DNA sequence: TCCATTTGTGTCAGCGCTGTCAATTATTAC
DNA sequence: GTAATAATTGACAGCGCTGACACAAATGGA
């Protein structure tokens, strides 16, 4: 019961191996009768084309590489981020008979460029998905560019290169969240900024300012603190913000982890959320639903974005669809327990 | 600046391509001088062997497949579980120049067997890592067995097959946790059991009983409730347990998510943790540190286990080390904020 | 009717590498 | 010094598949 090869199928179906190849790959110009016989033989022998042989002969690997920053460098929470990316990419792979190779790496390592180049050159994936925050690092983009392998950037903040890009409408959504908070009657809405390297997170700050303006509130530096995406930094920022004599009645953090930190501090200080303080985050990380009170947040459609990215790469490798421009996905405002009307 | 092949290297070094192959693969019986010349040429041309060609010729793919149950079927929290598995496996891959292919699947799907078989037959990984709860499902084990690809089972509860297995000492560790709770003075220690399909989780129940016995406490059915690994089920169990007239002073849940559910309910009922109720979990999921109070739990060395699994497979594929028996990893008891002395 | 297409199928070289085995040279034992 | 052995290298045939091309048969338009 050893593996059957294309040769066995050809013999059984009474055709040449090339014809089998045609049928298996759905190439045109094969008569209905032949197709049928070949398919029957394939089924009977349980034939599965060998990936390596195929890849060697065709120069296509049917492999997509997903590259992201290793979450263990920070804290494990970003697991949710990674998993959702993977899920989306896997969805596309499954539909198209590709496999997904994952390759976390440490963006601070000075050798990442070489590492990724080697990866790409030995594996020869049909495409590479580059997740934030790697997707806007020049050295990394350059390293991948020189290999000539097509790639898609996920959530790069600035559009520096002209490669295909998928991202969330960070600015508009953050403005929406801010307007939502304002609509609850909040006048002093504070903001906790994110990691300066993570551009997408930075853009949310601009959205926050848009939202204030659109709601007729004026921006104040005293209502802004700088975090670094970690829970701990969220706590630190909250401590400062909540120590102000004119305490904010709402705090909007550029990501969920920091928002969770804010809630922890409020809890510790005996400030009721959402009674005395509304807290909102961004990303809808798993944590957001697990903490108490559950976090009002913006759900970044990460899986959909990754799926789009993978699909674009696969299409590109198979039918040479162009790979440029940008796809924007709208975030969804999820109102949960952590926000409520402003206190009198 | 196109890719250089083994032929280019051979020409440059003035040897046959076979000799280059020898050097690149670290085969014995190559003179020091030759090795040096070849290595120099490799560096100069920036030569990287092509994975597909290699795999086709050698019948080794340098690919390890990690198969696990798709967390999205349940809830996202198991993201931490998956990520840690991936991290461990990736560590081994990185050391040995392999790549990792991930393949989540739904164990309830009746076609998983076929799906995995196809995966293995087309990709031909050098080995497969099968994570719990897939690692103890007969249909899945059978499907993989017939392909002849070596595999390792992670955390299978019962040792039904004789394949190599890595697991945590669930029973001993659970007993340890129980003894720890008893040592704090708790007399009524309740237990929340896990998903019946997840054997490893089941074994913890036995450990709990061992622990009670070793601490001179007697087991009572009234202190046990059956959950299904989810936060929600933990909440349901806690509601029942805490409604007893003789309320337990400690609750030990077979996993962290359920323990988190217990804490939520206690919070809701105004029961102070750990003042009036100690809560302990198992797994040290990310969530464990994020909730308040942070959860006392058992840290399953998942990454180490996966790394060992991957390493065993790679060794096996390269030097034919046998692949049988079982490696057990000790869990670590992490005392955090959710446990304390029994109330008077 | 005849030639120009189109359609269906096969032949063959080779993708880039490794396994086998044979050939050559260096080393050791006597 | 010679035979036997070991160390070192290369020639060559594929691994299982696809791309380029050749060819025969069917189709169509004048």
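Protein chains in written order, with our numbering: chain V, 134 to 477; chain L, 134 to 477.
Glycine residues also receive a C-beta, built at the ideal position from the N, C-alpha and C atoms.
Keep in mind the model is a prediction, meaning the values are calculated, not measured.
- Along chain V, which residues have their Cβ under 8 Å away from the Cβ of residue 257 of chain L? Near residue 257 of chain L (Cβ distances below 8 Å), the residues of chain V are 183, 184, 185.
- Query: If we count Cβ pairs, one from each stretch, closer than 8 Å, do we get three or more for the stretch 306-318 of chain L versus the stretch 343-351 of chain L?
  - Reply: Yes: at least three Cβ pairs fall under 8 Å.
- Secondary structure of residue 184 of chain L, DSSP reduced to three states: Three-state DSSP puts residue 184 of chain L in a helix.
- Item | Segment contact flag, the stretch 427-434 of chain L with the stretch 271-285 of chain L, C-beta cutoff 8 Å, min 3 pairs | For the pair of segments examined, the stretch 427-434 of chain L was found not to touch the stretch 271-285 of chain L: the number of CB pairs separated by less than 8 Å stays below three.
- Message: Just checking: is the beta-carbon of residue 215 of chain L within a distance shorter than 8 Å of some beta-carbon in chain V?
- Response: Taking 8 Å as the CB threshold, residue 215 of chain L lines the interface with chain V.
- Query: Any Cβ of chain L within less than 8 Å of the Cβ of residue 251 of chain V?
  - Reply: Yes, contact with chain L.
- Query: Over what stretch of residues does the beta strand (DSSP E) that includes residue 354 of chain V continue unbroken?
  - Reply: Looking at the DSSP string, residue 354 of chain V is not in any beta strand (DSSP E), and its letter there is neither H nor E.
- Query: Using a Cβ cut-off of 7 Å, which residues of the stretch 398-415 of chain L contact any Cβ in chain V, in chain order?
  - Reply: Against chain V - using a Cβ distance shorter than 7 Å - the residues of the stretch 398-415 of chain L are 400.
- In angstroms with no decimal places, state the Cα-to-Cα distance between residue 443 of chain L and residue 296 of chain L. Our two residues, residue 443 of chain L and residue 296 of chain L, have alpha carbons roughly 14 Å apart in a direct line.
- At what residues does the alpha helix (DSSP H) containing residue 447 of chain V begin and finish? Counting along the chain, the unbroken alpha helix (DSSP H) around residue 447 of chain V starts and ends at 435-452.
- Task: Spatial neighbours of residue 139 of chain L within its chain, please: CB distance less than 6 Å, with the 5 preceding and 5 following residues excluded, ordered by chain position.
- Result: Excluding sequence neighbours, residue 139 of chain L sits near 150, 153.
- Tell me, which residues are paired with residue 237 of chain V by DSSP? Residue pairing of residue 237 of chain V in beta bridges, as defined by DSSP: V:201.
- Query: Hey, residue 337 of chain V and residue 369 of chain V are a contact pair by Cβ (cut 8 Å); roughly how many whole angstroms apart?
  - Reply: The C-beta distance from residue 337 of chain V to residue 369 of chain V rounds to 19 Å, too long to meet the 8 Å contact threshold.
- Query: Using a Cβ cut-off of 8 Å, which residues of the stretch 233-249 of chain V contact any Cβ in chain L, in chain order?
  - Reply: The residues in question are 233, 234, 235, 236, 237.
- Task: Starting from the beta carbon of residue 441 of chain V, find every residue of chain L whose beta carbon is closer than 9 Å, and list them in chain order.
- Result: In chain L, no part has a C-beta under 9 Å from the C-beta of residue 441 of chain V; the shortest such distance is about 18 Å.
- If we count Cβ pairs, one from each stretch, closer than 8 Å, do we get three or more for the stretch 191-203 of chain V versus the stretch 258-268 of chain V? Counting Cβ pairs under 8 Å, three or more are found: they touch.
- Item | CB-CB length for residue 155 of chain L against residue 163 of chain L, believed under 8 Å | The beta carbons of residue 155 of chain L and residue 163 of chain L sit about 5 Å from each other, so the pair counts as a contact at 8 Å.
- What in chain L is Cβ-close to residue 354 of chain V, meaning under 9 Å? Here the premise fails: no neighbours, minimum Cβ distance about 30 Å.
- Task: Hey, could you find the ends of the beta strand (DSSP E) residue 465 of chain L is sitting in?
- Result: Run containing residue 465 of chain L: 465-467, per the beta strand (DSSP E) assignment.
- Would a C-beta distance cut-off of 8 Å place residue 229 of chain V and residue 260 of chain V closer than the cut-off? Taking 8 Å as the cut-off, the Cβ atoms of residue 229 of chain V and residue 260 of chain V do not count as close.
- Contact set between residue 423 of chain V and chain L, taken where Cβ atoms lie within less than 8 Å: By Cβ distance, chain L contributes 210, 364, 393, 420, 423, 424.
- Message: So, with DSSP's three-state summary, where would you put residue 314 of chain L?
- Response: If DSSP states are grouped into helix, strand and coil, residue 314 of chain L belongs with the helices.
- What runs of the beta strand (DSSP E), each 3 residues or longer, lie entirely inside the stretch 215-291 of chain V? Complete beta strand (DSSP E) runs here, min 3: 232-238, 260-263, 284-287.
- Item | 8 Å Cβ cutoff met for residue 245 of chain L and residue 194 of chain L | Contact flag unset, no.
- Tell me whether residue 179 of chain L is buried or exposed, calling it buried when 16 or more other Cβ atoms sit within 10 Å of its Cβ. It counts as exposed.
- Label residue 403 of chain L either buried or exposed according to how many other C-beta atoms from any shown protein chain fall within 10 Å of its C-beta, with 16 as the threshold for buried. Residue 403 of chain L should be labelled exposed.
- Item | Beta-carbon proximity of residue 277 of chain V to residue 253 of chain V, cut-off 8 Å | Contact: yes.
- Query: Quick one, are the C-beta atoms of residue 334 of chain L and residue 439 of chain L less than 8 Å apart?
  - Reply: Between residue 334 of chain L and residue 439 of chain L, the C-beta spacing is not below 8 Å.
- Message: Check this for me: beta carbons of residue 380 of chain L and residue 356 of chain L, under 8 Å apart or not?
- Response: Taking 8 Å as the Cβ cut-off, residue 380 of chain L and residue 356 of chain L do not qualify as a contacting pair.
- Out of V:237, V:307, V:182, which has the shortest C-alpha to C-alpha gap to residue 250 of chain L? Proximity to residue 250 of chain L across V:237, V:307, V:182 peaks at V:182, based on C-alpha coordinates.
- How would you write the range of the beta strand (DSSP E) that residue 459 of chain L sits in, first residue to last? Looking at the DSSP string, the run of the beta strand (DSSP E) that includes residue 459 of chain L is 459-462.
- Kindly give me the distance between the Cβ atoms of residue 364 of chain L and residue 394 of chain L, rounded to whole angstroms, as I take these residues to be in contact under 8 Å. Cβ atoms of residue 364 of chain L and residue 394 of chain L come within 8 Å of each other, at about 4 Å.
- 8 Å Cβ cutoff, residue 223 of chain L in contact with chain V: Among the residues facing chain V, residue 223 of chain L is included, as its CB has a counterpart in that chain under 8 Å away.
- Task: Taking only the alpha-carbon atoms, compute the straight-line gap between residue 420 of chain L and residue 391 of chain L and give it to the nearest angstrom.
- Result: Taking the straight line joining both Cα atoms gives about 11 Å.
- Message: Could you check whether the Cβ of residue 136 of chain L sits closer than 8 Å to any Cβ belonging to chain V?
- Response: Chain V, which has a Cβ nearer than 8 Å to the Cβ of residue 136 of chain L, makes this yes.
- Query: residue 376 of chain L to residue 475 of chain L, Cα distance in whole Å?
  - Reply: Near 18 Å, if we compare the C-alpha coordinates of residue 475 of chain L and residue 376 of chain L.
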